[in-house]
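Residue numbers (our numbering): 16 to 289.
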C-alpha cells in the first residue's frame, strides 16, 4: 500500500469561477455532503463507490463523475484500497450564464442537470482528462473556459435534477431560514420550532426527505461557508469564527470528514505579507 496520499488544489486568477482538486493514492472516506458548485471529475486509478440519490454506482479508472449543486453524495474507495482522481468545481452562477449564452437563451438559467451522473466511454474520459488539468498560463485558462463552457452546454439540460429532494411545505420555514443566510447560532430545536414540530419529529421528517439529519445538514453548510471564505483568502481561524465553529480544531474535524483533506491543505498559501 502506498505510504501516503497527496491532495492539491489548483486555482488560476483568470478563472476565479473554478478550482481543481487533484488527489493521488487516497484512502480517505467522505461523509455524505454537498457542494454549492457543479462538479466534474475523473477517476485516474483504483475503484470507488459513488453514493448519490439515484446510486450507488461503481466507478473506476476512466469513469467520469458529474454532480449538480446541493446534491447529497459521497464517493469512497473500497475498504483498504486507494484511488486517485481529479475534480473540477465550477461556480453555478458562472456556468448558468455560460450555458444561457451558448444555447442562445433569452431567459435566465437558474438550474441545470446532467442526464447521467456517471459516464464511462473513452471519448468522454479523454475530454474530461483534458479539462481537468491545472491551468499554468492565462492562455491555458482562456482555452479551458471556452472548451468547458461548450462541452457542458452540450450535455446539461434545463431544470433541477429529478431525484433532488422535494421539500414538503412543512419543512419550508426551516429551509428558508438556513438558506436565506445561515444563522450561526441556529439549532435543530430552533428549526423544529419554526416548523411547529418537536425536535425528534422534525429530525425524522427532515432526514427522511433530505437523507441527512438536520444537525449534519447544518454542519455541511458551515463547512461549505468556511471553504468559500478560505478560498477567498480568509485564514483558518477567521473562517472557523465566521461560520460558528467552537474553534479551529472543531472546523478541521468537520472539514476533513466531508473533504478527506485538512482545511490547511485546502486553503491558498498565504505569503508573509498576506
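Just so you know, even glycine gets a beta-carbon here, dropped at the ideal spot from N, CA and C.
None of these values were measured; they are calculated from a predicted model.
With burial defined as no fewer than 16 other Cβ atoms inside 10 Å of the residue's Cβ, what is the status of residue 33: buried or exposed? Per the 10 Å Cβ criterion, buried.
Quick one: grab the DSSP three-state call for residue 122. Look at residue 122 here: in three-state DSSP terms it is coil, with no helix or strand label.
Taking C-alpha atoms, which residue in 215, 240, 242 and 241 lies nearest to residue 229? Looking at the Cα atoms, 215 is the closest of the given residues.
Check this for me: beta carbons of residue 57 and residue 169, under 8 Å apart or not? No, the Cβ-Cβ distance between residue 57 and residue 169 is not below 8 Å.
Does the region 81-95 come close enough to the region 122-130 that 3 or more CB-CB pairs lie under 8 Å? Touching, yes, given that three or more Cβ pairs across the two stretches are closer than 8 Å.
With a Cβ-Cβ cutoff of 8 Å, do residue 258 and residue 241 count as a contact? Closer than 8 Å, so yes.
Restricting to Cα atoms, I'd like to know which of 157, 163, 164 and 231 is closest to residue 12. It is not possible to answer for residue 12, since the shown part of the chain is limited to 16 through 289.
Among 51, 260, 46 and 174, the one whose alpha carbon lies nearest that of residue 272: Closest by alpha carbon: 46.
Contact check, residue 251 vs residue 282, beta carbons under 8 Å: Contact annotation: residue 251 and residue 282 have beta-carbon atoms nearer than 8 Å.
Looking at the structure shown, is residue 42 part of a helix, part of a strand, or coil, going by DSSP? Residue state, collapsed to three classes: coil.
With respect to the alpha helix (DSSP H) encompassing residue 11, which residues constitute its N-terminal and C-terminal limits? Residue 11 is absent from the model: the chain starts at 16 and stops at 289.
Let me confirm a value: residue 97 is counted as buried when at least 16 other C-beta atoms fall within 10 Å, else exposed. Which label applies? In summary, residue 97 is buried, with 16 or more beta-carbon neighbours lying within 10 Å of its beta-carbon over all protein chains present.
What does the Cβ neighbour count give for residue 206, buried or exposed, with the cut at 16 atoms within 10 Å? Residue 206 comes out buried.
Following the continuous beta strand (DSSP E) through residue 81, name the residue where it begins and the one where it ends. For residue 81, the enclosing beta strand (DSSP E) covers residues 79-82.
Residue 72 - partner residues in DSSP beta bridges: Beta-bridge pairing links residue 72 to 65.
Bridge partners for residue 175 per DSSP, in chain order? For residue 175, no pairing in a beta bridge is given by DSSP.
Between residue 174 and the rest of its own chain, which residues show a CB-CB distance below 8 Å, the 5 nearest in sequence each way excluded? Setting aside the 5 residues that flank it on each side, residue 174 is surrounded in the same chain by 126, 127 and 128, each with a C-beta closer than 8 Å to its C-beta; the list follows chain order.
Quick check on the DSSP output: the alpha helix (DSSP H) that includes residue 243 runs from which residue to which? Bounds of the alpha helix (DSSP H) holding residue 243 are 229-246.
So, are the CB atoms of residue 20 and residue 59 less than 8 Å apart? No; because the gap between Cβ atoms is not below 8 Å, this pair is not in contact.
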